[in-house]
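Residue numbers (the working numbering): 3 to 802.
The structure appears below as structure tokens.
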């Protein structure tokens with residue numbers, strides 16, 4: 003491996019001076035491309051759209067080695083990604099705002115839309131990016147046109163449509179660590195009125211964390227997908243697009259590696275793994291996995307009636323997730339004595355498994371004006387039906403000390419069968435949701451170059467949540483601590499809730515000239531009712547999470563020089579959220595109770611500034627750069643304190659006010675809690691910067707060479723809403739480099755790349771270990787991406 007790194011590195015470095023030596027100033031620089039987007043569900047020039055939106059084309063995604071949606075953060079600084087233990091508690095954030103809770107009864111705050119079809123839950127949005135035309139990231143609440151699960155923003159993915167000329171492309175990538183990727187596309191006409199496109203991908207990325215117990219490399223994934231499109235010109239003014247998309251991934255994800263251990267017992271049972279910030283090993287007897295499967299079928303019909311286009315999008319989606327997330331994170335075979343239930347409420351917790359089975363049907367019917375006259379508009383109706391089934395089972399074992407007169411068990415000793423005490427429980431919940439809405443947005447030229455912007459959405463939703471909590475899964479087990487199971491009583495319940503909401507947008511837009519416009523807008527956002535579907539839910543005494551509301555203010559300007567060599571987009575924003583839906587930790591580390599509860603609490607705010615620039619001073623050189631400053635804060639009462647601060651929490655009597663941002667308890671021996679005010683939201687850096695220069699020059703008569711660099715920096719973050727000082731990560735920068743050659747007409751391309759050139763270690767999450775958390779209070783685990791270590795690779799692509 004080290005030899006291959008040296009060979010690839012030497013090859014890359016040898017090409018850099020050869021290409022750079024040919025750099026010369028060109029007196030006639032190429033013009034910047036005019037980007038067309040559908041951010042307002044109409045085809046418009048990006049510079050004309052009065053909202054903050056970043057558009058990244060398919061070629062740019064390939065140049066930056068962005069293979070999946072998670073990696074979009076490398077190109078878009080306002081977008082961040084927080085890794086969870088599985089896809090259900092992994093989420094995107096825009097301007098620091100994202101989902102503050104996990105659970106399939108609630109919606110994500112960042113909506114993912116693919117070819118006009120919205121994903122019902124956030125777990126569906128983490129996928130490979132193959133055969134993409136462009137990705138648009140709309141920042142801030144977008145509820146007027148995109149619905150109720152877009153309070154933070156929208157990731158709008160547009161895949162390539164069939165072509166009226168025969169063609170295709172293929173690419174193979176091989177990288178260190180047994181990483182193999184293949185993509186291919188073929189497209190062309192089937193008749194004068196019918197065109198087709200078929201694309202597929204296969205990905206196999208070996209694990210980059212070694213499990214010393216099983217001998218496996220984990221954190222890897224294998225997946226494949228296929229998409230077919232058939233486009234039919236039914237008449238001169240009617241176009242119909244049939245699409246089918248299937249993708250499947252089996253992932254050994256997402257285990258956490260020990261990065262800090264101070265407790266002697268934890269150090270012993272993790273041996274031979276040594277905890278450190280650069281540790282790449284775990285010692286676990288049970289695999290962590292998250293296997294997903296997604297199918298989407300849609301029919302889009304567009305009817306051009308001259309002054310407007312009527313569009314219908316009918317879609318059916320099916321999504322399945324099967325995952326197991328061991329809680330103990332150790333080799334618990336054999337099960338060990340760790341000090342008895344008073345010290346270690348459990349010694350083994352390998353079975354913590356669940357599924358998500360989701361079905362969704364949606365229909366959108368809208369009309370949008372054609373052209374760019376004095377009055378433009380979009381109006382329509384939307385219907386959505388969702389069914390989610392969520393089974394979840396948990397089983398764990400504790401070990402008790404020998405009775406008096408027997409030989410005492412030593413800490414770390416194998417637990418005799420007679421000393422084992424098992425606990426287990428299960429739940430199954432079923433949620434059905436129906437929503438219908440009517441929406442419209444218009445822009446009207448009031449006078450001269452001043453336009454008024456107005457939009458409104460009225461929506462109604464109804465949900466029915468049914469659930470059952472099971473008793474012990476195995477005869478002889480006790481009920482798992484912290485559940486709401488009631489022996490001999492009712493353990494099932496059904497709850498129905500409904501809600502009406504009105505959201506909208508208002509603003510002004512002033513067009514200085516065709517290449518310079520400014521705008522100011524106010525947007526009212528809304529995130530719908532939430533339901534409790536996870537393990538530990540009390541289905542007998544259910545209630546709905548109240549909706550979140552957002553008020554957003556934005557001032558922006560977009561400008562491109564007349565010679566189209568330089569462009570800049572700027573936006574200043576302020577968004578305030580009320581009735582925040584958050585995940586409150588209601589567990590108890592001393593009793594071994596692991597329980598999270600979804601609640602409404604407090605409010606949050608994000609404010610800041612965004613800048614995006616593109617510079618093309620010569621034909622050979624282009625530089626894209628972007629900068630985001632976002633201060634994202636939260637006010638929420640009653641959160642658990644970081645575990646290491648709980649013991650020292652002072653008592654504040656019930657009649658006294660609780661100071662902000664301080665760990666306290668109401669009574670001696672009571673639960674320690676804190677009321678946060680102005681606290682930083684998790685995974686929300688204050689600063690993010692991305693700079694992507696690309697230099698390309700002809701070599702001979704039919705070839706060209708290129709150098710592509712991507713530099714991204716983010717400031718410090720905290721991974722937990724509890725403001726735990728131990729889960730803070732400092733700022734860091736990542737540098738990726740690609741060099742290569744291609745034929746002038748792009749029939750073939752060969753490139754070599756290095757990810758994380760300067761080998762900067764970073765994490766995607768940091769948290770406390772749960773085993774022995776009552777005594778191992780400063781022990782930490784973390785997750786990270788493959789590119790937390792430098793690695794090299796190469797790609798070969800062809801087009802025809």
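All C-beta atoms, glycine included, are put in the ideal place defined by N, C-alpha and C.
Being a predicted model, the structure only gives us computed values, none of them experimental.
Give every residue of the same chain whose Cβ lies closer than 6 angstroms to the Cβ of residue 557, excluding the five residues on either side of it in the sequence, and list them in chain order. Here residue 557 corresponds to residue number 555 of the chain shown, with the count starting at 1. Excluding sequence neighbours, residue 557 sits near 522, 574.
At a threshold of 8 angstroms, does residue 430 count as lining the ligand ATP (C-beta to nearest heavy atom)? As for the ligand ATP, it is missing from this structure, which has no ligand bound.
Residues bridged to residue 324 (per DSSP): On the chain shown, position 322 is the one that residue 324 refers to. Per DSSP, 293, 357.
Identify the continuous beta strand (DSSP E) that holds residue 580 and give its terminal residues. Start at 1 with the first residue of the chain shown, and residue 580 comes out as number 578. Annotation: the continuous beta strand (DSSP E) that includes residue 580 extends over 568 to 580.
Over the uninterrupted alpha helix (DSSP H) stretch that includes residue 270, give me the two end residues. Position 268 of the chain shown, counted from the start, is the residue given in the question as residue 270. For residue 270, the enclosing alpha helix (DSSP H) covers residues 266 to 272.
So what does residue 244 bridge to, in DSSP terms? As a first step, residue 244 is located in the chain shown; it is residue number 242 there, counting from the start. Answer by DSSP bridge pairing, in chain order: 232, 301.
How big is the Cα-Cα spacing for residue 104 and residue 722? Along the chain shown, read from residue 1 onward, the residue named residue 104 stands at position 102. Along the chain shown, read from residue 1 onward, the residue named residue 722 stands at position 720. For residue 104 and residue 722, the distance between alpha carbons rounds to 13 angstroms.
Tell me the DSSP secondary structure of residue 674 in three-state form. To locate residue 674, count along the chain shown from 1; it is residue 672. Correct three-state label for residue 674: coil.
Contacts around residue 539, its chain only, beta-carbon distance under 8 angstroms, and the 5 residues preceding and following it disregarded: Here residue 539 is taken as the residue at index 537 of the chain shown, counted from 1. Within the same chain, residue 539 has close Cβ partners 429, 431, 469, 471, 486.
For residue 396, count neighbouring Cβ atoms within 10 angstroms of its own Cβ and tell me buried if that reaches 16, exposed if not. As a working mapping, residue 396 is identified with position 394 in the chain shown. With 16 or more other Cβ atoms from the protein chains shown falling within 10 Å of its own Cβ, residue 396 counts as buried.
Kindly list the residues whose CB is nearer than 6 angstroms to the CB of residue 271, restricted to its own chain and excluding five residues on each side of it in sequence; keep chain order. For this step, residue 271 is matched to residue 269 along the chain shown. Here the set comprises 332.
According to DSSP, simplified to helix, strand and coil, what is residue 728? Counting from one through the chain shown, the residue named residue 728 turns up at place 726. In the three-state reduction of the DSSP assignment, residue 728 falls in the helix class.
Considering only C-alpha positions, which residue in the set 368, 283, 775 is nearest to residue 42? Locating residue 42 in the chain shown gives position 40, where the first residue counts as 1. Cα-wise, what sits closest to residue 42 is 368.
Spatial neighbours of residue 190 within its chain, please: CB distance less than 6 angstroms, with the 5 preceding and 5 following residues excluded, ordered by chain position. Locating residue 190 in the chain shown gives position 188, counting from the first residue. Scanning its chain for C-beta atoms nearer than 6 angstroms, with the 5 sequence neighbours on each side dropped, one finds around residue 190 the residues 168, in chain order.
List the endpoints of the continuous beta strand (DSSP E) containing residue 62. Here residue 62 is taken as the residue at index 60 of the chain shown, counted from 1. Here residue 62 belongs to no beta strand (DSSP E); instead the alpha helix (DSSP H) covers 60 to 65.
Proximity to residue 492 [Cα-Cα], best of 543, 138, 675: For the purposes of this step, residue 492 is taken as residue 490 along the chain shown, with counting starting at 1. Residue 543 is the option with its Cα nearest to residue 492.
Under 8 angstroms by Cβ, that's how I've got residue 632 and residue 656 pegged, so tell me the actual separation to the nearest angstrom. One-based indexing of the chain shown puts residue 632 at position 630. One-based indexing of the chain shown puts residue 656 at position 654. With a Cβ gap of about 38 angstroms, residue 632 and residue 656 do not count as contacting.
Rounding to the nearest angstrom, what Cα-Cα distance links residue 155 and residue 798 in this structure? The residue given as residue 155 occupies position 153 in the chain shown. The residue given as residue 798 occupies position 796 in the chain shown. Looking at the two C-alpha atoms, the distance is approximately 35 angstroms.
Touch test, the segment 615 to 623 against the segment 62 to 77, Cβ-Cβ under 8 angstroms, three pairs minimum: With a cut-off of 8 angstroms on Cβ pairs, the segment 615 to 623 is not in contact with the segment 62 to 77, counting fewer than three such pairs.
Where do the ends of the beta strand (DSSP E) carrying residue 145 lie? Your numbering for residue 145 matches position 143 in the chain shown. Looking at the DSSP string, residue 145 is not in any beta strand (DSSP E); the run it does join, the alpha helix (DSSP H), is 145 to 148.
Using 10 angstroms around the beta-carbon of residue 462, count the other beta-carbons present and answer buried if the total reaches 16, otherwise exposed. As a first step, residue 462 must be located in the chain shown, where it is residue number 460. Counting every other CB atom within 10 Å of its CB across the protein chains shown gives residue 462 a total below 16, marking it as exposed.
C-alpha gap between residue 233 and residue 187, whole angstroms: Translated into positions along the chain shown, residue 233 becomes position 231. Translated into positions along the chain shown, residue 187 becomes position 185. Computed Cα separation, rounded: 16 angstroms.
Just the C-alpha distance for residue 530 and residue 605, rounded to the nearest angstrom, thanks. Locating residue 530 in the chain shown gives position 528, counting from the first residue. Locating residue 605 in the chain shown gives position 603, counting from the first residue. C-alpha separation (whole angstroms): 16 angstroms.
Kindly indicate which residue of 533, 358, 300, 549 has the alpha-carbon position closest to the one of residue 501. Residue numbering aside, residue 501 sits at position 499 when the chain shown is read from its first letter. It is 549 whose Cα lies nearest to the Cα of residue 501.
Which residue marks the beginning of the alpha helix (DSSP H) containing residue 1, and which one marks its end? Residue numbering for the chain in the displayed model covers 3 to 802; residue 1 lies beyond these limits and cannot be assessed.
Cβ neighbours of residue 388 in the same chain (closer than 6 angstroms, five flanking residues each side left out): As a first step, residue 388 must be located in the chain shown, where it is residue number 386. Cβ within range, chain order: 122, 362, 435.
Under the three-state DSSP convention, the category residue 702 falls into: Taking the chain shown and counting its residues from 1, one reaches residue 702 at position 700. Residue state for residue 702 is assigned as coil, using DSSP reduced to three classes.
In whole angstroms, give me the CA-to-CA distance for residue 520 and residue 659. By 1-based counting over the chain shown, the position of residue 520 is 518. By 1-based counting over the chain shown, the position of residue 659 is 657. Answer to the nearest angstrom: the Cα atoms are 47 angstroms apart.
DSSP bridge partner residues for residue 509 (one or two, in chain order): Counting from one through the chain shown, the residue named residue 509 turns up at place 507. According to DSSP, residue 509 bridges with 455, 523.
Once you ignore the five residues that flank residue 214 on each side, which residues in its own chain have a CB closer than 8 angstroms to its CB? Within the chain shown, the letter at position 212 stands for residue 214. Contacts found: 274, 275, 283, 284, 285.
To the nearest angstrom, how far is the alpha carbon of residue 28 from that of residue 699? Translated into positions along the chain shown, residue 28 becomes position 26. Translated into positions along the chain shown, residue 699 becomes position 697. With a pLDDT of only 44 at residue 28, under 50, the local geometry of the prediction cannot be trusted, and the value read off the model is given with reservation. Separation of residue 28 and residue 699 (C-alpha to C-alpha, rounded to the nearest whole angstrom) is 11 angstroms.
CB-CB under 6 angstroms to residue 137, same chain, minus the five flanking residues each way: which ones, in chain order? On the chain shown, position 135 is the one that residue 137 refers to. Correct list, in chain order: 58, 159.
Where residue 409 and residue 475 are concerned, what is the direct C-alpha to C-alpha distance, given to the nearest angstrom? On the chain shown, residue 409 is found 407 positions in, with the first residue counted as 1. On the chain shown, residue 475 is found 473 positions in, with the first residue counted as 1. Their Cα atoms are separated by approximately 32 angstroms.
Could you give the residue range of the alpha helix (DSSP H) that holds residue 647? Walking along the chain shown from the start, residue 647 turns up at place 645. Looking at the DSSP string, the run of the alpha helix (DSSP H) that includes residue 647 is 645 to 648.
Residue 249 and residue 277: beta carbons closer than 9 angstroms? Counting from 1 along the chain shown, the entry for residue 249 is found at position 247. Counting from 1 along the chain shown, the entry for residue 277 is found at position 275. No; because the gap between Cβ atoms is not below 9 angstroms, this pair is not in contact.
Tell me whether residue 741 is buried or exposed, calling it buried when 16 or more other Cβ atoms sit within 10 Å of its Cβ. The count along the chain shown starts at 1 and reaches residue 741 at position 739. It is buried - the Cβ of residue 741 has at least 16 other Cβ atoms within 10 Å.
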